[in-house]
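Inspection log for the structure reproduced underneath, given as structure tokens.
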């Protein structure tokens, strides 16, 4: 059915986003990029790709931050173009994509205010897709209740925050809890929304979101080792979706060390390899542990990229929009990484990016 | 084929040349060749990354320079008062070749960066100053507007007082009261306020947030600032509002301040005391005046700087553009082993080699060295690019054909014939002396004012018309000719000679019947037809038949163009297998129809024994019941026999077309296999040598086929299946195409009819009724209607109808004519040239 009617509203935008996707850097581009000697080389190299002359009017010397900012700006412009041309339900779907950025911005602002950073500096660091009108006012709030009542109540995030109003005062741990509670609520809501769209969109998006949820669950578990977070509270932060849910989540809630996490993950075929060759080092000291974790993080990113690429294999669904945003973000991270490596002359680690195509 | 004069019949003969350029003259050589503009360089190191090439450093430097130049030009464009930019042809040229080239570029680099530095500095200080000015202006606004708030409050004093009866403190202090209770009223003044400015779009959010944060414990007032604030750098306008918020208690005020600041508002300290307010207002005004003076001075010195830049901007742009092109071209070159010489390869028109050699020598002299670059020709199998040398007259016609497809190398170029056929087919549809004259005059004006117009920057539509001015000129001329044939001038007839028809008035009847006076109207359509009842019947039949005749002639001509192609590319097999059967097929059906049309016109049917037959029915029954022609509809004696023969001829042509070529190809392939040769991709040479030697004993067909393979040069192995499928498609396309294309030429009739009818309608609905003015009023109406009629004539009949006729003429050339002979498999010659007006930095 969607094959019949999808193109009425979504055909143009799907075509557009697939066109954008064709501009994502490929392995040969990355090979060229990693051979660059300086950031100017990088600029020359990028100007031959779809990025075009996005840095042409920047005075020398170029900084890594400028490259990342300009690249993000391109992505934001593309997204805004898509959003402005979208109609229901795609427009709602795209709004959902922005909520994740809004949550990040809110948390960023609250944390920054807590550490008494300059508000304007904080606002500049916010992701442009997650900016909402009354956002700057967040920095007046001193507790969650106030935060909710003064600002968030009129944003689309309000329902997500409703669950964590109990946390009274703001400190680092509480903010972390708020972030995860809100994100959990967001993921569940998004998951349900994709389900309500149905069809291939639901298939594709729920696969991606399940992975996202599982990733959060695992991360929360690992990060909460040796902290004052109790196990019941930890269990509350786990999203109630994903492939680990429910048994895996229950076991993770009780886990005390990383081996237990591995045991849980081994129940799901695709996740088995996350810890695959980390086995030997896991018993070692804390140093190696952190090595495992960063490796785990990379694996997560790789799986995410893989899932997002899979989204493009199916037509007539909205997953491509989400997937494109995620892939492009990964690409910007890659470019930034390469640029950083070039700027800091750390050529030996330049290959540590995650190739997309 | 190449002779001394460039012809449009075939594209220029091209040679692949190799250039050995000593490194020190490389730059000047490329500059010289770029000025000349007839060498297309090949990329000799396609596998090398753009940043690993030899001249990346130079390119990067040029990029930086061009960024600076761009920065200047945007700065100049943003300036509100127009800053004069001296055009390129007025400014002294910057010489970037010769021994002093490097120095010139260095100097330019230094100049540019110095200018940039100065400009950025001035911009910064200008911005800072205007920022301060803006703040002061805002402060002034806040002071004034809050004064209004306070005054209003004073007016409503009593009402406020009554509403706040239970409150022990008055809501507001106003000046009178404050003056009365001079010293000890600090305790009463417990409602404090915050005042400032905020962007207008943010006001609603601001209000909402404040209301929520303070739980409604505030009184806010705001008014619009009428004039917008203009950002000095971006030129964007922002509109702001003055607000004043009253609240109670320090904590709340602190919160308000924080919210306001984070929302991007600017706060200004305002005193509740009216005297102090007016004092600070005076102070602000004074400072504002000082600042504005300084700002003005900074602005004018910035302007001087920009004017200075504007004088040289164009020549800088030009030099930077050229240098970038030169280094990009140099990057295509290869170094020899010792890295002393650059090796370049490129296509050049063969006849221009001497000019190029002269240019090379000139470049050597210019750069002051003694080692000239060496040029020598290479023999190659590669297909050269197609280059049709045009002048300003033929350029437009060539472009029409090139936009359909670039002709194969040395193929017969339809662009040459389009010079006449295109305006002619257009004119058949557009025939009207008056309209033709209008577009002729318009084109003539564009041609006479060519130099002036070429310099002006025309908009997109006008520049298209300007580009096609010679096409329009010929279209106008031809339209006047066909208009004379149709005897149409603005839908009226010309009575140049005496009409062949007399209309004797016989008083009894209203109907006038024309009587043949015996002599013939010497040229064109008899004006006697004009206004006759059967005019349309006559004209339709005439124009319809004429368009079929023209169409068949045009197609036959286009088909004939195959012949020189086959001769040129030495493939006689195509003459026997394609050209001849196609020609017979076309002529036996549609050529016959044309003959019949002409014959029918030549017979005086009023004296003949039979009725004039319908040619359409004749053609249909020629297919449906071959050999049978009704006696009463017979055109000439022996008609059934002739038609059967023609039909058989056409029928034979189909299998002939379908089978011959694949069969010969198959036979050829078989022969090679029998001789024990196996085709190996890329062994071209050996294979061909053998073929050449055996050519003498082979028949003509094989020879042709072998030569074709050789000419192809790309070592392409022709698949037999491919040949078959291609020929099947070709046959079907041609046979069906003949019928549909002939029908397609009827558009000549349709458009010509539409054009004539439309101009007649326009005439009768506007001018006709007012042509005999009697009073002043009638004269006025006549003039108004005349203007109206003329405007519609130009816009609807000349421009709109002209465009549609143009479009149809285009189609007739692209589809109906080109499909008969045009291969169009070439690629265009794109030489390195500096003369590219479209290129914008």
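Chains as they are written, first to last, in the working numbering: chain A, 14 to 370; chain B, 16 to 856.
Each residue gets a CB set at the ideal place from its N, CA and C atoms; glycine is no exception.
Just so it is clear, the structure is predicted and the values come from calculations on it, not from any experiment.
Cutoff 8 Å: residue i Cβ touching any chain B Cβ
i: residue 294 of chain A; result: Low confidence applies here, because residue 294 of chain A scores a pLDDT of 44, under 50, leaving its location unreliable and the question unanswered by this model.
i: residue 375 of chain A; result: Past the edges of chain A, shown from 14 to 370, lies residue 375 of chain A, and the structure says nothing about it.
i: residue 139 of chain A; result: no
i: residue 169 of chain A; result: no
i: residue 102 of chain A; result: no
i: residue 165 of chain A; result: no
i: residue 149 of chain A; result: yes
i: residue 69 of chain A; result: yes
i: residue 79 of chain A; result: no
i: residue 343 of chain A; result: no
i: residue 298 of chain A; result: With a pLDDT of 44 at residue 298 of chain A, under the threshold of 50, the modelled position of that residue is not reliable, and the figure given next carries that caveat. No, its Cβ sits nowhere closer than 8 Å to a Cβ of chain B.
Helix, strand or coil at residue i [DSSP, three-state]
i: residue 228 of chain A; result: helix
i: residue 363 of chain A; result: coil
i: residue 534 of chain B; result: coil
i: residue 211 of chain A; result: coil
i: residue 55 of chain B; result: strand
i: residue 25 of chain B; result: strand
i: residue 363 of chain B; result: strand
i: residue 221 of chain B; result: helix
i: residue 349 of chain B; result: strand
i: residue 782 of chain B; result: coil
i: residue 843 of chain B; result: strand
N- and C-terminal bounds of the beta strand (DSSP E) containing residue i
i: residue 823 of chain B; result: Here residue 823 of chain B belongs to no beta strand (DSSP E); instead the alpha helix (DSSP H) covers 816-826.
i: residue 262 of chain B; result: 255-263
i: residue 35 of chain B; result: 29-37
i: residue 43 of chain A; result: Residue 43 of chain A -> not in any beta strand (DSSP E); alpha helix (DSSP H) instead, spanning 40-47.
i: residue 178 of chain A; result: Residue 178 of chain A -> no beta strand (DSSP E), and no H or E assigned at all.
i: residue 333 of chain B; result: Element bounds for residue 333 of chain B: not the beta strand (DSSP E) but the alpha helix (DSSP H), 289-345.
Minimum Cβ-Cβ distance from residue i to chain A less than 8 Å
i: residue 278 of chain B; result: yes
i: residue 82 of chain B; result: yes
i: residue 60 of chain B; result: no
i: residue 34 of chain B; result: no
i: residue 85 of chain B; result: yes
i: residue 64 of chain B; result: yes
i: residue 270 of chain B; result: yes
i: residue 304 of chain B; result: no
i: residue 149 of chain B; result: no
i: residue 816 of chain B; result: no
i: residue 75 of chain B; result: yes
i: residue 840 of chain B; result: no
i: residue 215 of chain B; result: no
i: residue 254 of chain B; result: no
Continuous alpha helix (DSSP H) stretch holding residue i: start and end
i: residue 746 of chain B; result: 735-759
i: residue 235 of chain B; result: Premise fails: residue 235 of chain B lies in the beta strand (DSSP E), 233-239, not in any alpha helix (DSSP H).
i: residue 653 of chain B; result: Taken as a continuous stretch (DSSP letters only), residue 653 of chain B belongs to no alpha helix (DSSP H), as it is neither H nor E.
i: residue 56 of chain A; result: 52-59
i: residue 161 of chain A; result: 157-163
i: residue 24 of chain A; result: 24-35
According to DSSP, residues forming a beta bridge with residue i
i: residue 507 of chain B; result: B:504
i: residue 210 of chain B; result: B:259, B:283
i: residue 517 of chain B; result: B:530
i: residue 357 of chain B; result: B:36, B:350
i: residue 244 of chain B; result: B:253
i: residue 427 of chain B; result: B:25
For the stretch 379-420 of chain B, which segments carrying the beta strand (DSSP E) assignment without a break, of at least 3 residues, lie completely within its bounds, in sequence order?
389-393
Segments of 4+ residues assigned as alpha helix (DSSP H) that fall wholly inside the stretch 104-144 of chain A:
132-138
Every unbroken alpha helix (DSSP H) within the stretch 430-489 of chain B, with a cutoff of 4 residues, ordered by chain:
448-463, 465-470, 475-482
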